[in-house]
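Before any comments, here is the structure.
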Amino acid sequence: ILLGGVLGAVLAGSLYAWRKRLPYWPLADSIAPALAFGLFLGRIGCFLNGCCYGKTCNLPWGVKFPPESAATYIMGHQALHPTQLYSSGYALLIFALLIWLEQSKPHDGLLSGVFLMLYGVARFSVDFFRYYESQMFLFGRLDLNQLISIMLFCAGGLILYVRNRAQQ
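To convert, count from 1 in the sequence shown and add 62; that's my numbering.
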């Protein structure tokens with residue numbers, strides 16, 4: 063769900079900038095840290111709700127959710143990877159890095175590109191531990207969200223490349 067929120071924010075921000083004739087990259091860069099912080103909070107909410115849970119986990123930090131949660135309904139009362147907390151931690155790190163980069167931002171588009179690349183990597187990696195129904199997998203072990211994450215990473219890299227060349 064939150065991956066769709068990121069894509070929706072990019073689309074809505076693009077349309078808003080275009081309709082209001084605002085410079086796109088400064089707007090996108092100002093929104094990127096807020097998106098990262100929103101993802102941090104959103105995944106905490108997922109953890110508290112018991113959704114977006116992981117696969118079975120035998121590690122000491124495996125989590126057993128309450129009986130009324132979606133995780134327990136689907137997976138039974140067994141320890142699961144707290145993928146919501148993995149994602150939340152990644153988002154907080156991305157937020158902190160974006161705030162740090164903002165202090166010495168060399169060109170417009172840097173924060174947007176870095177956000178897309180890092181969120182793509184974070185989501186791609188966490189999804190290996192996340193539980194999905196079998197129909198979500200498209201190419202062996204890769205799920206649809208991981209393919210979208212690869213596209214986010216590539217889009218972020220393209221933004222960094224193009225914006226860096228535009229500044230030279």
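Ideal Cβ placement from N, Cα and C applies to all residues, glycine included.
Everything numeric in this text was worked out from a predicted model, so none of it was measured.
message: When you compare the stretch 143-152 with the stretch 167-176, are there three or more beta-carbon pairs, one atom per stretch, that lie closer than 8 Å?
response: no
- request: Output yes or no for whether 9 Å exceeds the beta carbon distance between Gly112 and Thr134.
  value: Locating residue 112 in the sequence shown gives position 50, counting from the first residue. Locating residue 134 in the sequence shown gives position 72, counting from the first residue. Contact: yes.
query: Mind checking whether Ile106 and Gln146 have CB atoms under 9 Å apart?
result: Stepping through the sequence shown from its first residue, residue 106 is reached at position 44. Stepping through the sequence shown from its first residue, residue 146 is reached at position 84. Yes; because the gap between Cβ atoms is below 9 Å, this pair is in contact.
task: To the nearest angstrom, report how far apart Leu110 and Glu130 are at their CA atoms.
output: Position 48 of the sequence shown holds residue 110. Position 68 of the sequence shown holds residue 130. Going from the Cα of Leu110 to the Cα of Glu130 covers about 12 Å.
- prompt: Do Cys119 and His139 have their CB atoms nearer than 9 Å?
  reply: What you label residue 119 is simply residue 57 of the sequence shown in a count that begins at 1. What you label residue 139 is simply residue 77 of the sequence shown in a count that begins at 1. Taking 9 Å as the Cβ cut-off, Cys119 and His139 do not qualify as a contacting pair.
message: Which residue marks the beginning of the alpha helix (DSSP H) containing Asn242, and which one marks its end?
response: This structure cannot settle anything about residue 242, because the visible part of the chain is limited to 63 through 230.
message: Rounding to the nearest angstrom, what Cα-Cα distance links Pro85 and Ile156 in this structure?
response: One-based indexing of the sequence shown puts residue 85 at position 23. One-based indexing of the sequence shown puts residue 156 at position 94. Cα-Cα distance, rounded: 24 Å.
query: Between the Cα of Cys108 and the Cα atoms of Trp80, Gly66 and Ala132, which residue gives the shortest distance?
result: Here residue 108 refers to the residue found at position 46 when the sequence shown is read from its first residue. The candidate whose alpha carbon is nearest that of Cys108 is Ala132.
- prompt: Of the choices Leu101, Pro122, Leu178 and Phe127, whose alpha-carbon is the least far from that of Ala90?
  reply: As a first step, residue 90 must be located in the sequence shown, where it is residue number 28. Comparing Cα positions, the closest option is Leu178.
message: I believe Ile161 touches Pro95 by the beta-carbon criterion, under 8 Å. Please report the beta-carbon distance rounded to the nearest angstrom.
response: Your numbering for residue 161 matches position 99 in the sequence shown. Your numbering for residue 95 matches position 33 in the sequence shown. Correct: roughly 6 Å between the Cβ atoms.
task: Could you pull out every unbroken alpha helix (DSSP H) segment of at least 4 residues lying fully inside the stretch 95-183, listed in chain order?
output: 132-137 and 145-164
- prompt: Near Val125, what residues of its chain come up, given a Cβ to Cβ distance below 7 Å and the 5 sequence neighbours on each side ignored?
  reply: Sequence index remark: in the sequence shown, residue 125 carries index 63 (1-based). Correct list, in chain order: Ala141, Leu142 and Pro144.
CA-to-CA distance, Trp123 to His169, given in whole angstroms: The residue given as residue 169 occupies position 107 in the sequence shown. The residue given as residue 123 occupies position 61 in the sequence shown. When rounded, the distance between both Cα atoms is 41 Å.
Contact under 9 Å by Cβ, Tyr181 with Ala98: As a first step, residue 181 is located in the sequence shown; it is residue number 119 there, counting from the start. As a first step, residue 98 is located in the sequence shown; it is residue number 36 there, counting from the start. Yes, the Cβ-Cβ distance between Tyr181 and Ala98 is below 9 Å.
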